[in-house]
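Asker:
Number of protein chains: 2
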Amino acid sequence: MKDIGVGILGFGTVGAGVADLLLRGNGLLASRTGVRPVLRAVADIDLDRDRGVAVDRALLTRDAAAVVDDPRVQVVVELIGGTRIARELTLRALALGKPVVTANKALLAHHGPEIFAAARATGAGVYFEASVAGGIPIIRALRQGLVANRVDRLYGILNGTCNYILTRMEEENAPFDDVLRAAQAAGYAEADPSLDVDGHDTAHKAAILATLACGRPVPLESVRVGGIRQVSNLDLEYARELGYRVKLLAVVHAGEGCADVTVGPCLVPLDRLMGQVRDVFNAVLVKGDAVGDTFYHGRGAGRYPTASAIVGDIADAALRLASGAPHDDAYAGAPAAPRAAAADPERWYLRLTLTDRPGMLGRAADILGRHGISIASVVQREGAAGPHVPVLFLTHRAVPSAMDAALKDMAAMDGAGAAPVCFRIEDLNGKE
Amino acid sequence: MKDIGVGILGFGTVGAGVADLLLRGNGLLASRTGVRPVLRAVADIDLDRDRGVAVDRALLTRDAAAVVDDPRVQVVVELIGGTRIARELTLRALALGKPVVTANKALLAHHGPEIFAAARATGAGVYFEASVAGGIPIIRALRQGLVANRVDRLYGILNGTCNYILTRMEEENAPFDDVLRAAQAAGYAEADPSLDVDGHDTAHKAAILATLACGRPVPLESVRVGGIRQVSNLDLEYARELGYRVKLLAVVHAGEGCADVTVGPCLVPLDRLMGQVRDVFNAVLVKGDAVGDTFYHGRGAGRYPTASAIVGDIADAALRLASGAPHDDAYAGAPAAPRAAAADPERWYLRLTLTDRPGMLGRAADILGRHGISIASVVQREGAAGPHVPVLFLTHRAVPSAMDAALKDMAAMDGAGAAPVCFRIEDLNGKE
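Residue numbers (the numbering used here), protein chains in the order written: chain A, 1 to 432; chain B, 1 to 432.
1. Do residue 286(A) and residue 428(A) come within 9 angstroms of each other at the CB atom, strictly closer than that value?
2. Below 9 angstroms on C-beta distance, what does residue 270(A) contact in chain B?
3. Can you tell me whether DSSP reads residue 161(A) as helix, strand or coil?
4. Quick one, which of 239(A), 13(A), 87(A) has its alpha-carbon nearest residue 394(A)'s?
5. Quick check on the DSSP output: the beta strand (DSSP E) that includes residue 308(A) runs from which residue to which?
6. Pick out whichever of 23(A), 355(A), 293(A), 53(A) has its Cα sitting closest to the Cα of residue 390(A).
7. Give a yes or no on whether 9 angstroms exceeds the smallest Cβ distance from residue 120(B) to chain A.
8. Considering only the alpha carbon of each residue, which of 135(A), 210(A), 147(A), 96(A) lies closest to residue 126(A)?
9. Which residue comes first and which comes last in the beta strand (DSSP E) that contains residue 285(B)?
10. Say whether chain B places a C-beta atom closer than 9 angstroms to the C-beta of residue 136(A).
11. What would DSSP say about residue 124(A), mapped onto helix, strand or coil?
12. Could you tell me whether the segment 104-121 of chain A touches the segment 204-222 of chain A, where touching means 3 or more Cβ pairs closer than 8 angstroms?
13. Checking the sheet assignment: what are the DSSP bridge partners for residue 252(B)?
14. Counting pairs of beta carbons, one from the segment 214-224 of chain B and one from the segment 261-270 of chain B, are three or more of them closer than 8 angstroms?
15. Taking the Cβ atom as the reference point for each residue, do residue 6(B) and residue 60(B) lie within a distance shorter than 9 angstroms?
16. Are the beta-carbon atoms of residue 130(A) and residue 161(A) separated by less than 9 angstroms?
17. Rounding to the nearest angstrom, what Cα-Cα distance links residue 437(B) and residue 121(B) in this structure?
18. Compute the beta-carbon to beta-carbon distance between residue 32(A) and residue 140(B), rounded to the nearest angstrom, for a pair I have assumed lies under 8 angstroms.
19. So the beta strand (DSSP E) residue 388(B) belongs to, where does it begin and stop?
20. Shorter than 9 angstroms from the beta carbon of residue 294(A) to some beta carbon of chain B?
21. Which residue from 198(B), 179(B), 388(B), 299(B) puts its Cα closest to that of residue 358(B)?
22. In chain order, what residues of the segment 141-154 of chain A put their CB closer than 7 angstroms to some CB of chain B?
23. Please list, in chain order, all residues of the same chain as residue 196(B) whose beta carbon is under 7 angstroms from its beta carbon, the five residues on each side excluded.
24. Please classify residue 228(A): is it buried, with 16 or more other beta-carbons within 10 angstroms of its beta-carbon, or exposed?
25. For residue 31(A), decide whether its Cβ has a neighbour in chain B, counting only Cβ atoms nearer than 9 angstroms.
26. Between the segment 7-21 of chain B and the segment 39-51 of chain B, are three or more C-beta pairs nearer than 8 angstroms?
27. So, does the CB of residue 111(A) fall closer than 9 angstroms to a CB anywhere in chain B?
28. How would you label residue 71(A), buried or exposed, when you count the other beta carbons within 10 angstroms and need 16 or more for buried?
29. Show which residues of chain B have a CB atom less than 9 angstroms away from the CB atom of residue 209(A).
30. Could you check the C-alpha separation between residue 422(B) and residue 349(B) for me, to the nearest Å?
31. Helix, strand or coil: how does DSSP classify residue 110(B) here?
32. So is residue 305(A) in contact with chain B if we call contact Cβ pairs under 9 angstroms?
33. Taking the straight line between their C-alpha atoms, what separation do you get for residue 180(B) and residue 249(B)?
34. Per DSSP, what are the beta-bridge partners of residue 188(B) in this structure?
35. Can you pull the chain B residues whose beta carbon is under 9 angstroms from the beta carbon of residue 299(A), in chain order?
36. Apart from the five residues just before and just after residue 142(B), which ones in its own chain have a Cβ nearer than 6 angstroms to its Cβ?
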């Protein structure tokens, strides 16, 4: 039985969970792997707050760099968050040849190539199972279990806060703003919710998954990002009547060395598993050319689900250190080429708010026609009060660029009310 | 780039899929892992049948032992099936220190301890991702991704044939025998369907998953096994009205070094993902103490889904051979103790067929009462024709031994028609 020293940077919610699992789970982990990860040090600015975990005070320090440098620390767990100090300390550990385990999706999405290059230079590994979808072992699935597959499509519900808000909006018929405030009060959403509700957190995770799916670094800048602020209760209701739910979905279309990644609200069929993902849960659907569809579902955040992924990575790193096996190399090479979006026509859900006067619907339909977008169905209901009425179009397949152009024309149309709302309809069938 | 030689024993459906993926997927696999698995030989009795795969005839041989012994073959893929020749050749390869990749659940369930001991003796590994749930990487998830967890409960739909039959029975309101015959004609069920429909195949897989969940070998003999022959359309209909679907479910209750494993038809809630698993798909729900619920879904059989898992294992074995890293050791130690079934009271669905005369329902209810089983609800409908009527009881929680005793009394009851049908109700909530 070999001991492998572990140092944790950041004693927040997840850091405390990792410390707890290491302290009480040692026997189990050790019996399963033959290697015992031993907690050597925990660094944080605040050493006094009670985290509900019995960590020996002698292990606590404010000096994170000293933890990285400590020769008894062989695996460094980065849980500081952000991209500045976390980047410095990660690079410092990797330069020393120490594997880094991280849950920091922003760090990887912004600085992945630099960090993976630093790991390669010294043969240290970067382990990031916890950076996407919490405790669901999706990174391992993509890197190892599905390695024989070309991944054509990948779909993910990757942000628990957004999924919680959409679920509450639907179940309580409450508007976005009210649900967001309640979620903030309950601790399910940050005081500044932008990272979550505007889709950026999902984009970070989508870039990581896309990198694994296509085998080349996918630059964050190439991800088209939308959030859920514009989703109204009316949309949820219409979607439901049509047999769909609105989800903030990451969609990866992968090809040979290229990828097209979008994040935005999508209509997902109610009768597919992805349409059944509720509350704070995350899910990923992977379409591989050999395996077909595989689907993964679990908690995407929280102290112990995230700590489960971190400790799984620590065990993996520790096993390799103990046996002298190399760490997995991360994906290298030139960045993935952006895939021509025009190649993938989609169906669209389009809700317009039009002045209630003759000819408006016809004009909107004309605009779609001018851009070559064919209408599958139209819904305009009687009885809406006020000067504006909602009009719903479902379209046949049309390329995003055509829809973008049509939306521009519609916004400029005389008699248009609020900006048009346009979501993709994802049948999740991809090429299969 | 290192080449690692692969030999395939058994050129059937899956063997042809593996050969195909190795021949056309080499570039992808190699670029992802830095190691190239190269097909060196394929052994089968029948060398002439066209498998639709362009394998060089020079690689084909009838001599499986020679493939195992061939020094250019470093990884042996066992796809012969059965437990006699497959066992001999597997032990032969392991004795030579060659890792074996297998999809053979019967072999592992019957001879696991012997095979894992042989692997340990020479440091060769046994890779068996394909033995359970086809292309879903559930073995990796349990061994690595969730290694930090104590697994309390595990539920699985592990036999595609049974799930296909139950789905068709429900959707077409057709009886078991008719659907089975149609499934046999369509190639979804074997000419001798017993291994599938009587639950034995599921039991093999359940024993493997239980072994990983509790960290000790779980003897196949300790698994209580039932099949789906007794499931009627009436049961599917009743279940549906009550908010459930009937599924052939493997249920693992794991504890410290012990496990209780049952396979049988269960009522699963319609509004849970497990209740949505249709047709030939497989699914596994794992309840870990840190991660909570994680759920995995995909195709459990078929040429390419199974080959996907096999080639993932080949890549793993090849990487370790190339880097000199040890193979994962399988679980050793004393067999898991059977967990006292009495410790886990369950809710039950009980359908009786009673002679249509006064007092029968009361007598059945009395029997339940005498065994301490409390009734939650009773359904007896008007209008059933014939001398017998179906009566449905849903019970509160009761231990299996009490229900077994009550069933015995009911079968012996004067005026009983067909044997009582009794299924567990699984709310899938376990300890959470």
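Just so it is clear, CB atoms sit at the ideal spot from N, CA and C, and this is done for glycine as well. Note that the structure is predicted; figures quoted are calculated from it, not measured.
Answerer: A quick look at the data gives this:
1. For the purposes of this step, residue 428(A) is taken as residue 428 along the first sequence, with counting starting at 1. For the purposes of this step, residue 286(A) is taken as residue 286 along the first sequence, with counting starting at 1. No. Outside cutoff.
2. Translated into the one-based positions of the first sequence, residue 270(A) becomes position 270. Listed along chain B is no residue with a C-beta nearer than 9 angstroms to that of residue 270(A); the closest approach is about 11 angstroms.
3. The count along the first sequence starts at 1 and reaches residue 161(A) at position 161. Three-state result, residue 161(A): helix.
4. Position 394 of the first sequence, counted from the first residue, corresponds to residue 394(A). Comparing C-alpha distances from residue 394(A) to each of 239(A), 13(A), 87(A) shows the shortest one belongs to 239(A).
5. Taking the first sequence and counting its residues from 1, the one referred to as residue 308(A) is at position 308. Element bounds for residue 308(A): not the beta strand (DSSP E) but the alpha helix (DSSP H), 303-323.
6. For the purposes of this step, residue 390(A) is taken as residue 390 along the first sequence, with counting starting at 1. Among 23(A), 355(A), 293(A), 53(A), the Cα nearest to that of residue 390(A) is on 355(A).
7. Taking the first residue of the second sequence as position 1, residue 120(B) is located at position 120. Not an interface residue.
8. As a working mapping, residue 126(A) is identified with position 126 in the first sequence. Per the Cα distances, 96(A).
9. For the purposes of this step, residue 285(B) is taken as the residue at position 285 of the second sequence. According to the DSSP assignment, residue 285(B) belongs to the beta strand (DSSP E) that extends over 281-288.
10. Residue mapping note: residue 136(A) aligns to position 136 of the first sequence, counting from 1. Answer yes: the Cβ-Cβ gap between residue 136(A) and chain B drops below 9 angstroms somewhere.
11. Position 124 of the first sequence holds residue 124(A). It is coil, neither helix nor strand.
12. Yes, the segment 104-121 of chain A is in contact with the segment 204-222 of chain A.
13. Here residue 252(B) corresponds to residue number 252 of the second sequence, with the count starting at 1. Answer is 154(B), 261(B), bridged to residue 252(B).
14. Output reads yes: the segment 261-270 of chain B touches the segment 214-224 of chain B.
15. For the purposes of this step, residue 6(B) is identified with residue 6 of the second sequence, where counting begins at 1. For the purposes of this step, residue 60(B) is identified with residue 60 of the second sequence, where counting begins at 1. If you check the CB distance, residue 6(B) and residue 60(B) do not come in under 9 angstroms.
16. In the first sequence, residue 130(A) corresponds to position 130, counting from 1. In the first sequence, residue 161(A) corresponds to position 161, counting from 1. Between residue 130(A) and residue 161(A), the C-beta gap is not smaller than 9 angstroms, which leaves the two residues out of contact.
17. The structure shown does not extend to residue 437(B), since chain B is modelled only from 1 through 432, so no value can be given for it.
18. For the purposes of this step, residue 32(A) is identified with residue 32 of the first sequence, where counting begins at 1. For the purposes of this step, residue 140(B) is identified with residue 140 of the second sequence, where counting begins at 1. About 14 angstroms separates the two Cβ atoms, so there is no contact after all.
19. Walking along the second sequence from the start, residue 388(B) turns up at place 388. Looking at the DSSP string, the run of the beta strand (DSSP E) that includes residue 388(B) is 388-395.
20. Mapped onto the first sequence, residue 294(A) falls at position 294. True, the Cβ-Cβ gap to chain B drops below 9 angstroms.
21. Position 358 of the second sequence, counting from 1, holds the residue named residue 358(B). Measuring from the Cα of residue 358(B), the nearest candidate turns out to be 388(B).
22. Taking 7 angstroms as the cut-off between beta carbons, the residues of the segment 141-154 of chain A near chain B are 141, 144, 145, 146, 147, 148, 149, 150, in sequence order.
23. The sequence position of residue 196(B) within the second sequence is 196, counting from 1. The residues are 159, 161, 162, 189, 190.
24. As a first step, residue 228(A) is located in the first sequence; it is residue number 228 there, counting from the start. By the 16-neighbour rule on beta-carbons within 10 angstroms, residue 228(A) is buried.
25. On the first sequence, residue 31(A) is found 31 positions in, with the first residue counted as 1. Cβ-Cβ to chain B under 9 angstroms: yes for residue 31(A).
26. Yes, the segment 7-21 of chain B is in contact with the segment 39-51 of chain B.
27. Along the first sequence, read from residue 1 onward, the residue named residue 111(A) stands at position 111. No, residue 111(A) lies away from the interface with chain B (no Cβ there is under 9 angstroms from its Cβ).
28. If you number the first sequence from 1, residue 71(A) lands on position 71. Exposed.
29. The count along the first sequence starts at 1 and reaches residue 209(A) at position 209. Under the 9 angstroms cutoff, chain B gives no residues; its nearest Cβ is about 15 angstroms from residue 209(A).
30. Working through the second sequence from its first residue, we reach residue 422(B) at position 422. Working through the second sequence from its first residue, we reach residue 349(B) at position 349. The straight-line gap separating the alpha-carbon atoms of residue 422(B) and residue 349(B) is approximately 6 angstroms.
31. On the second sequence, residue 110(B) is found 110 positions in, with the first residue counted as 1. Note: residue 110(B) maps to helix in three-state DSSP.
32. For the purposes of this step, residue 305(A) is taken as the residue at position 305 of the first sequence. Yes, residue 305(A) counts as interfacial toward chain B.
33. In the second sequence, counting from the first residue as 1, residue 180(B) sits at position 180. In the second sequence, counting from the first residue as 1, residue 249(B) sits at position 249. When rounded, the distance between both Cα atoms is 19 angstroms.
34. Here the question's residue 188(B) lines up with position 188 in the second sequence. None; residue 188(B) has no bridge partner.
35. Taking the first residue of the first sequence as position 1, residue 299(A) is located at position 299. Taking a Cβ-Cβ threshold of 9 angstroms, the residues of chain B close to residue 299(A) are 291, 292, 293, 294, in chain order.
36. To locate residue 142(B), count along the second sequence from 1; it is residue 142. Excluding sequence positions up to five before and after residue 142(B), its CB lies within less than 6 angstroms of the CB of 212, all in the same chain and listed in chain order.
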